[in-house]
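Participant: So for the sequence shown, the UniProt record's numbering puts the first residue at 1; every next one is plus one.
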Amino acid sequence: QTTVPPAGLNFNRFTEDSLLRHAQFVVEQVESYDEAGDSDEPPVLITPCMRDLIKLAGVTLGKRRAVRRQAIRHPTRIDKDKGPTKATTTKLVYLIFDTFFSEQIEKDEREEDKENAMKRRRCGVCEVCQQPECGKCKACQNMVKFGGSGKSKQACLQRRCPNLAVREADEDEEVDDNIPEMPSPKKMLQGRKKKQNKSRISWVGEPIKSDGKKDFYQRVCIDSETLEVGDCVSVSPDDPTKPLYLARVTAMWEDTSGQMFHAHWFCPGSDTVLGATSDPLELFLVDECEDMQLSYIHGKVNVIYKAPSENWSMEGGLDMEIKMVEDDGRTYFYQMWYDQEYARFETPPKTQPTEDNKYKFCMSCTRLDEVRQKEIPKVAEPLEEGDGKMFYGVATKNGVQYRVGDGVYLLPEAFSFSVKPASPAKRPKKEAVDEELHPEHYRKYSEYIKGSNLDAPDPFRVGRIKEIFCHLRGNGKPNEADIKLRIWKFYRPENTHKSMKASYHADINLLYWSDEETTVDFRAVQGRCTVVYGEDLTETIQDYSAGGLDRFYFLE
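1) Could you give the first and the last residue of the continuous beta strand (DSSP E) run that contains Asn475?
2) Which whole-angstrom value describes the C-beta separation of Thr530 and Arg551, a residue pair presumed to lie in contact below a C-beta threshold of 8 Å?
3) Taking the beta strand (DSSP E) that Lys389 falls in, what are its first and last residues?
4) By how many angstroms is the C-alpha of Phe460 removed from the C-alpha of Asn495?
5) So the candidates are Arg344, Gly476 and Met292; which of them puts its Cα closest to the Cα of Val273?
6) Would you mind reading off the limits of the beta strand (DSSP E) that contains Glu288?
7) Just how far apart, CA to CA, sit Tyr94 and Glu315?
8) Cα separation between Arg464 and Gly407?
9) Taking 8 Å as the threshold (C-beta atoms), are Leu511 and Tyr462 in contact?
10) What residues are listed by DSSP as bridge partners for Lys91?
11) Ala546 by DSSP, collapsed to three states: which one?
12) Below 8 Å between beta carbons: does that hold for Tyr332 and Leu283?
13) Output the boundary residues of the beta strand (DSSP E) element that contains Leu410.
14) Which complete beta strand (DSSP E) runs does the stretch 195–239 hold, if anything under 3 residues is left out?
15) By the 10 Å Cβ neighbour count, where 16 or more other Cβ atoms means buried, how is Tyr33 classified, buried or exposed?
16) Is the Cβ-Cβ distance between Ile487 and Phe522 less than 8 Å?
17) What residue range does the alpha helix (DSSP H) around Lys374 cover?
18) Buried or exposed for Pro42, going by 16 or more other Cβ atoms inside 10 Å?
19) The alpha helix (DSSP H) spanning Cys529 covers which residue range?
20) Ordered along the chain, which non-local residues of its own chain (more than five positions away) have a Cβ less than 6 Å from that of Ile201?
21) Hey, how far is the Cα of Glu527 from the Cα of Tyr504?
22) Return the CA-CA distance between Glu206 and Lys300, expressed in angstroms with no decimal places.
23) CA-CA distance, Gln340 and Thr47?
24) Using CA atoms only, rank isn't needed, just tell me which of Phe361, Ser210 and Asp458 is closest to Ala414.
25) Would DSSP call Arg330 helix, strand or coil?
26) Going by C-alpha distance, which of Glu346, Arg330 and Thr538 is nearest residue 564?
27) Leaving out five residues on either side along the sequence, give the residues of the same chain with a beta carbon under 6 Å from the beta carbon of Lys360.
28) Tell me which residues share the same chain as Ser545 and place their Cβ nearer than 7 Å to its Cβ, disregarding the 5 neighbours each side in the sequence.
29) Mark Asp536 as exposed unless 16 or more other C-beta atoms lie within 10 angstroms of its C-beta, in which case mark it buried.
30) How about Asp279 and Leu368: do their beta carbons lie closer than 8 Å?
31) Grouping DSSP H, G and I as helix and E and B as strand, with all else coil, what is Ala432?
32) Helix, strand or coil, according to DSSP, for Glu381 in the structure here?
33) Going by DSSP, which residues form a beta bridge with Val462?
34) Where does Asn142 fall in DSSP's three states?
35) Given that a residue counts as buried once 16 or more other Cβ atoms are within 10 Å of its Cβ, and exposed if not, what is Ala307?
36) For Gln335, which residues in the same chain have their Cβ closer than 6 Å to its Cβ, ignoring the five residues on either side in sequence?
And the structure:
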């Protein structure tokens, strides 16, 4: 409980005004009572007296655990007027406003508009609506995504929206709530048993390809249901309280491990940054895949790709049905690919299989392999051998080519300079001071200095590639796994004998040439930059620096 009556309240004289003033506390106690009640008990919250109290006092539902910091103003019943006319909006904006401000928007009661009226739905913003499904109650166990039959069509018992319950009771006081009966425990146990004993698996047809010890197949029959490569399936999790996992079958084979398939996983919207606000039927492609046994498959599902139309930019204001697919428990759709690291939604990649790998093509494996190949440093264009080294003309890392003569960024620890930087002056030790006599004395000796950059990381080192080489092994072949660079060092103004003060009055893109050379690992390279001699420029230094990123110059 978060709202309690004041200690000085005289309960011997509890008037209507006192009830309205402390209506939030009363309603929260009723909410708590309903949560602890059995599923077959009618909620007390939807009784006429409680609904009238909620209307008169302006009680906020679904926030029983939140601290209510503003006092409830004493309301009076005010007859609603029609108010201003509706603004011109798109269908999506109208639906959003109709959800949150339904009392302020005029509703046409004509018969032809009743068919297009919105179905009653949860508010989606209260604490109850935002929490995930428990996966343990009867309603969750009957859901298709938890392995049930899906006949009940009931929300999780932990997610029964109090705003929806009150609104339904207000709109229809005489008609009972149309709640389908929950399936009996006997039927639920039978369904579970059938799901766990799904072991009748047989291949359809002959193997289409043999690769080593693996015999690949195009179709398989699981309990009289035929699956083929490219179909989407639901997979039973180890924990029955979790929803079914959804994946696309990209390959099926049999080897010493048994009857296997390769699953390219889909990500539900609730596992993305959208959370509970996402469409429960929308899935997202992710770069995750796994080899699994066919016995884990729960059943076949239909996942539809909703490609954006060619005229998508002009369809924002059309009065069309926003619902993408029908909710039959086995049909889903996807539109985007989800980057889990950066919480970013992108257009799905278009990678087509070749005839050689069509029987086992996985888009996730292909993309992950491309990323790994980009991250592996490589050398090309061999030049000559000498002194136990093989020299090359180009090295590649993360899709960027580095050639002899290019400027490169290096980690600060890649090399040091001949001029040693001066150590910063040490602060004097704190003296013992009587804190009662001087309570603010600590401010004079604080370690923190406003605007100080002493703790800022050092910038990248800048060098110019002189040689790209690999050492030769004992068999005479180059060790291309260990690429080395021979570079010339460039000094920044703060790296010279003038120390940090020289950078205060120097251009941030100014460097100093040096004849010092050093050998560094190619792994220390962080990027490519451009370094030119200032006298060779055909434009001003300011125009050159502003013409692009990573541009430096030296004059001496």
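We put the beta carbon where it would ideally sit given N, CA and C, even for glycine.
Predicted, not measured: the structure shown is a model, and the values here were computed from it.
Facilitator: Taking the geometry as given:
1) The count along the sequence shown starts at 1 and reaches residue 475 at position 475. Note, Asn475: premise wrong, no beta strand (DSSP E); not H, not E.
2) Taking the sequence shown and counting its residues from 1, the one referred to as residue 530 is at position 530. Taking the sequence shown and counting its residues from 1, the one referred to as residue 551 is at position 551. A Cβ-Cβ distance of about 5 Å is found for the pair Thr530 and Arg551, placing them in contact under the 8 Å criterion.
3) In the sequence shown, counting from the first residue as 1, residue 389 sits at position 389. Taken as a continuous stretch (DSSP letters only), the beta strand (DSSP E) holding Lys389 covers Lys389 to Lys397.
4) Counted from its first residue, the sequence shown places residue 495 at position 495. Counted from its first residue, the sequence shown places residue 460 at position 460. Between Asn495 and Phe460, the C-alpha separation is close to 12 Å.
5) The sequence position of residue 273 within the sequence shown is 273, counting from 1. The shortest Cα separation from Val273 among Arg344, Gly476 and Met292 belongs to Arg344.
6) Numbered from its first residue, the sequence shown carries residue 288 at position 288. That run of the beta strand (DSSP E) goes Glu282 to Gln293.
7) For this step, residue 94 is matched to residue 94 along the sequence shown. For this step, residue 315 is matched to residue 315 along the sequence shown. Near 15 Å, if we compare the C-alpha coordinates of Glu315 and Tyr94.
8) The residue given as residue 464 occupies position 464 in the sequence shown. The residue given as residue 407 occupies position 407 in the sequence shown. Roughly 4 Å separates the two Cα atoms.
9) For the purposes of this step, residue 462 is identified with residue 462 of the sequence shown, where counting begins at 1. For the purposes of this step, residue 511 is identified with residue 511 of the sequence shown, where counting begins at 1. For clarity, residue 462 is Val in the given sequence; the question names Tyr instead. A contact, by the Cβ cut-off of 8 Å.
10) As a first step, residue 91 is located in the sequence shown; it is residue number 91 there, counting from the start. DSSP lists no partner for Lys91.
11) As a first step, residue 546 is located in the sequence shown; it is residue number 546 there, counting from the start. In this structure, Ala546 counts as helix in the three-state DSSP scheme.
12) Residue numbering aside, residue 332 sits at position 332 when the sequence shown is read from its first letter. Residue numbering aside, residue 283 sits at position 283 when the sequence shown is read from its first letter. In this structure, Leu283 lies closer than 8 Å to Tyr332 by Cβ.
13) Stepping through the sequence shown from its first residue, residue 410 is reached at position 410. Where Leu410 is concerned, the enclosing beta strand (DSSP E) stretches over Gly407 to Leu410.
14) 201–204, 209–211, 214–217, 219–222, 225–228 and 232–235
15) On the sequence shown, residue 33 is found 33 positions in, with the first residue counted as 1. An exposed status is given to Tyr33, since fewer than 16 other beta-carbon atoms sit within 10 Å of its beta-carbon.
16) Here residue 487 refers to the residue found at position 487 when the sequence shown is read from its first residue. Here residue 522 refers to the residue found at position 522 when the sequence shown is read from its first residue. Their beta carbons are not under 8 Å apart, which means Ile487 does not touch Phe522 by this criterion.
17) Here the question's residue 374 lines up with position 374 in the sequence shown. That run of the alpha helix (DSSP H) goes Met363 to Glu375.
18) Taking the first residue of the sequence shown as position 1, residue 42 is located at position 42. With fewer than 16 Cβ atoms within 10 Å of its Cβ, Pro42 is classed as exposed.
19) Numbered from 1 along the sequence shown, position 529 holds the residue referred to as residue 529. No alpha helix (DSSP H) holds Cys529; the beta strand (DSSP E) holding it covers Val525 to Tyr533.
20) Counted from its first residue, the sequence shown places residue 201 at position 201. Hits under 6 Å: Ile222, Gln259 and Leu294.
21) On the sequence shown, residue 527 is found 527 positions in, with the first residue counted as 1. On the sequence shown, residue 504 is found 504 positions in, with the first residue counted as 1. Before going further, note that residue 527 is Gly rather than Glu in the sequence given. Spanning the two alpha carbons is a distance of roughly 26 Å.
22) The residue you call residue 206 lines up with position 206 of the sequence shown. The residue you call residue 300 lines up with position 300 of the sequence shown. Taking the straight line joining both Cα atoms gives about 22 Å.
23) As a position in the sequence shown, residue 340 is number 340, starting the count at 1. As a position in the sequence shown, residue 47 is number 47, starting the count at 1. Computed Cα separation, rounded: 46 Å.
24) In the sequence shown, counting from the first residue as 1, residue 414 sits at position 414. Nearest C-alpha to Ala414: Asp458.
25) Translated into positions along the sequence shown, residue 330 becomes position 330. DSSP, read as helix, strand or coil, puts Arg330 in coil.
26) Outside the displayed range of the chain (1 to 556) lies residue 564, so it cannot be described from this structure.
27) The residue given as residue 360 occupies position 360 in the sequence shown. Same-chain partners within the cutoff: Ala251.
28) Your numbering for residue 545 matches position 545 in the sequence shown. The answer, listed in chain order, is Asn509 and Arg551.
29) By one-based count along the sequence shown, residue 536 stands at place 536. Residue environment: Asp536 is assigned as exposed (fewer than 16 neighbouring CB atoms within 10 Å of its CB, all protein chains considered).
30) Against the sequence shown, residue 279 aligns to sequence position 279. Against the sequence shown, residue 368 aligns to sequence position 368. For Asp279 and Leu368, no; Cβs fall outside 8 Å.
31) Within the sequence shown, residue 432 is the residue found at index 432, counting from 1. Looking at Ala432 - three-state DSSP - the assignment turns out to be coil, as it is neither helix nor strand.
32) Numbered from its first residue, the sequence shown carries residue 381 at position 381. Glu381: strand per DSSP, three-state reduction.
33) As a first step, residue 462 must be located in the sequence shown, where it is residue number 462. Partner(s): Tyr409.
34) Here residue 142 refers to the residue found at position 142 when the sequence shown is read from its first residue. Of the three classes helix, strand and coil, the one that applies to Asn142 here is helix, per DSSP.
35) Counting from 1 along the sequence shown, the entry for residue 307 is found at position 307. So Ala307 counts as exposed.
36) For this step, residue 335 is matched to residue 335 along the sequence shown. Lys306, listed in sequence order.
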